[in-house]
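> The opening position of the sequence shown corresponds to residue 1 in this note's numbering, with each subsequent residue numbered one higher.
Built from N, CA and C at the ideal position, the CB exists for glycine as well.
This structure is a prediction, so every number in the text was calculated from the model and none was measured.
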Amino acid sequence: MPVPRTHSALQLLRQAIGGHRGWPQFWRSPEPKPAYDVVIIGGGGHGLATAYYLASKHGIRNVALLEKGWIGGGNTGRNTTIVRSNYFYPQSTDLYDHSLRLYEGLSHELNINLMLSQMGILTLANSRHDVEMLQRWSNAIQVQGIACEWLEPEQVQAEVPALDVFGMRYPVKGAFMQRRGGTARHDAVAWGYARGASQLGVDIIQNCEVSGFEISDNRVRAVHTNRGTIRTDKVGIAVAGHSTVLATLAGFKLPLSSMTLQAYVSEPVKPALDRVINSPMVHAYISQSDRGEMVMGAGADAYFSYGQRGNLPPLEDGVRSILEMFPRFSRLKMMRQWGGVVDISPDTSPIIGKTPVTGMYINCGWGTGGFKAIPAGGDLLAATIAHDKPHPLAEPFCLDRFRTGRLVDEGAAAGVSH
Ligand SMILES: Cc1cc2nc3c(=O)[nH]c(=O)nc-3n(C[C@H](O)[C@H](O)[C@H](O)COP(=O)(O)OP(=O)(O)OC[C@H]3O[C@@H](n4cnc5c(N)ncnc54)[C@H](O)[C@@H]3O)c2cc1C
1 MPVPRTHSAL QLLRQAIGGH RGWPQFWRSP EPKPAYDVVI IGGGGHGLAT
51 AYYLASKHGI RNVALLEKGW IGGGNTGRNT TIVRSNYFYP QSTDLYDHSL
101 RLYEGLSHEL NINLMLSQMG ILTLANSRHD VEMLQRWSNA IQVQGIACEW
151 LEPEQVQAEV PALDVFGMRY PVKGAFMQRR GGTARHDAVA WGYARGASQL
201 GVDIIQNCEV SGFEISDNRV RAVHTNRGTI RTDKVGIAVA GHSTVLATLA
251 GFKLPLSSMT LQAYVSEPVK PALDRVINSP MVHAYISQSD RGEMVMGAGA
301 DAYFSYGQRG NLPPLEDGVR SILEMFPRFS RLKMMRQWGG VVDISPDTSP
351 IIGKTPVTGM YINCGWGTGG FKAIPAGGDL LAATIAHDKP HPLAEPFCLD
401 RFRTGRLVDE GAAAGVSH
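1) Considering only heavy atoms of ligand 1, does any lie closer than 7 Å to the CB of residue 75?
2) Who does residue 224 pair with in a DSSP beta bridge?
3) Name the two residues that bound the continuous alpha helix (DSSP H) containing residue 320.
4) So is the beta-carbon of residue 180 under 7 Å away from any non-hydrogen atom of ligand 1?
5) Report the CB separation of residue 256 from residue 365 in whole angstroms; it is logged as a contact under 8 Å.
6) Buried or exposed: residue 311, going by 16 or more other Cβ atoms within 10 Å of its Cβ?
7) Going by DSSP, name the residue or residues bridged to residue 398.
8) Would residue 280 be called buried (16 or more neighbouring beta carbons within 10 Å of its own) or exposed?
9) Which one or two residues does DSSP pair with residue 133 in a beta bridge?
10) In angstroms, rounded to a whole number, what distance separates the CA positions of residue 44 and residue 76?
11) Smallest Cα separation from residue 321: which of 70, 296, 304 and 303?
12) Is residue 223 near residue 416, with beta carbons less than 8 Å apart?
13) Could you pull out every residue in the same chain whose Cβ sits closer than 7 Å to the Cβ of residue 26, ignoring the five residues on either side in sequence?
14) Reducing DSSP to helix, strand and coil, say where residue 300 ends up.
15) Touch check for the region 226-244 and the region 329-338: three-plus C-beta pairs under 8 Å?
16) Compare the C-alpha of residue 173 against each of 135, 263, 94 and 350 and name the closest.
17) Measure the alpha-carbon distance for residue 398 versus residue 282 and round it to whole angstroms.
18) Quick one: does residue 153 have its CB under 8 Å from some CB of chain C?
19) First and last residue of the alpha helix (DSSP H) that includes residue 196?
20) Over the uninterrupted beta strand (DSSP E) stretch that includes residue 381, give me the two end residues.
21) Residues in its own chain within less than 6 Å of residue 117 by CB, not counting five upstream and five downstream?
22) Given a threshold of 16 other Cβ atoms within 10 Å of its Cβ, counted over all protein chains shown, does residue 128 qualify as buried or as exposed?
23) Any contact between the region 249-267 and the region 198-218? By contact I mean 3 or more CB pairs, one from each, below 8 Å.
24) Do residue 203 and residue 30 have their CB atoms nearer than 8 Å?
25) Apply the 10 Å Cβ neighbour rule to residue 186 and answer buried if 16 or more other Cβ atoms are within range, or exposed otherwise.
26) Tell me whether the beta-carbon of residue 348 lies closer than 8 Å to the beta-carbon of residue 35.
27) Going by the DSSP bridge assignment, what does residue 423 pair with across the sheet?
28) Just reading off the alpha helix (DSSP H) that residue 157 is part of, what are its end residues?
29) Can you give the Cα-Cα distance for residue 87 and residue 381, rounded to whole angstroms?
30) Using only the heavy atoms of ligand 1, determine whether one of them is closer than 7 Å to the beta carbon of residue 67.
31) Look up residue 203 in the DSSP assignment and give the residues it is bridged to.
32) Alpha carbons only, please: which of 368, 114 and 198 is nearest the one belonging to residue 56?
33) For residue 209 and residue 28, what's the separation of their Cα atoms in angstroms?
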């Protein structure tokens with residue numbers, strides 16, 4: 001079912017004349033009801049998209065979405081907004097390309113400008129060994145139908161004039177590029193899904209922390225929150241770095257590590273970079289936002305933490321790596337840094353599907369790269385909840401793979417590549 005269209009050129013004109021005082025509220029803020037058909041925990045992109053697709057694709061609208069803070073206040077509002085689908089294994093490319101294709105139609109579907117900018121993403125090879133690995137990766141995904149191309153150093157220089165291709169300590173030996181990759185505005189993704197879900201009847205309840213579950217005969221019966229107990233027999237959990245906390249409350253274990261991932265932006269400058277660049281070897285990535293800031297990051301902190309904040313050593317490390325690639329950015333002033341708690345699985349692939357508790361489903365393990373996967377993560381979890389069986393694209397990503405050993409090891413395509 002399509003969401004009502006509240007934004008149009010005519011509406012913009014009307015609101016401009018009226019001093020922008022007549023815009024409707026983006027989403028309703030109702031009090032929680034005593035019972036729902038489905039309760040989704042976590043108001044990040046994955047939880048919001050799940051609630052939206054439950055209502056829009058499966059007609060399940062008696063749904064509550066519970067968020068302990070504010071919508072998009074977790075990793076969804078803290079990431080560096082990179083989207084792409086150039087993972088290595090077929091299971092992953094199917095999943096991430098499904099997501100990218102959904103993103104390509106999402107501004108229209110949600111009637112909000114997500115500022116999807118498919119500027120292209122380049123993964124740099126800085127050694128002979130990188131060239132071998134990245135060419136293999138690039139060939140593998142082309143076989144899987146994902147368009148990408150190999151660039152020689154001169155072509156890299158033509159694509160990215162600001163990059164020090166030949167002079168730096170780690171000269172660029174080539175790169176593989178996915179032109180459909182790029183960035184999207186992360187808060188608009190959260191707000192768009194929230195508004196769409198709310199318009200279709202989902203209750204979005206902020207400042208509502210889940211503190212426990214009522215489970216009997218191995219079936220979930222209710223969710224305990226700081227705003228009372230809510231009865232339900234279906235619960236979807238999408239809480240990223242806090243997934244193991246919720247799983248412990250429900251009595252099962254997840255193979256996840258929670259770590260802080262940091263990012264930082266420079267002062268805004270005139271357009272100087274119109275591609276996303278990452279180098280697994282030099283170990284950093286960068287893009288320029290629409291506001292002109294250079295958005296940068298690297299790998300997760302080397303220790304476990306629930307700290308949602310940045311500190312100096314990773315900033316110094318990341319900026320040092322960026323300057324190896326872009327010495328001309330050395331005079332830029334850094335403006336902000338921050339951190340989010342990411343949920344890293346042993347094979348750096350997500351977990352989507354059923355849990356050991358009947359009626360309880362999970363979407364987690366996206367680690368450092370789940371922003372690009374929000375549309376697919378929501379779509380697949382919604383389908384799994386609605387039909388009580390895994391969506392075919394989600395089957396390879398079930399929790400059981402850590403028992404059977406059928407891992408999807410995306411270590412090379414995740415991490416600093418985002
Ligand atoms: C610095 C940084 C850079 C990143 N860059 C990229 C990138 O460029 N591209 C990319 O694809 N991915 C990136 N990521 C990863 C991406 O942001 C995440 O994988 C994704 O946003 C996860 O979305 P989510 O909805 O699962 O989690 P979140 O957005 O974290 O939402 C989970 C929500 O659950 C809530 N919650 C937790 N516990 C409870 C509870 N008990 N009760 C109720 N609510 C609860 C939290 O408050 C939070 O709002 C980055 C992450 C970080 C931190």
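Looking at the atomic coordinates:
1) yes
2) 212 and 229
3) 312-325
4) no
5) 6 Å
6) exposed
7) None; residue 398 has no bridge partner.
8) buried
9) According to DSSP, which records beta bridges pairwise, residue 133 is partnered with nothing at all.
10) 6 Å
11) 296
12) no
13) 191, 194 and 195
14) coil
15) no
16) 135
17) 33 Å
18) Protein chain content of the structure displayed is limited to a single chain, and chain C is not contained in it.
19) 186-199
20) Element bounds for residue 381: not the beta strand (DSSP E) but the alpha helix (DSSP H), 374-387.
21) 182 and 183
22) exposed
23) yes
24) yes
25) buried
26) no
27) Residue numbering for the chain in the displayed model covers 1 to 418; residue 423 lies beyond these limits and cannot be assessed.
28) 153-159
29) 20 Å
30) yes
31) 64
32) 198
33) 18 Å
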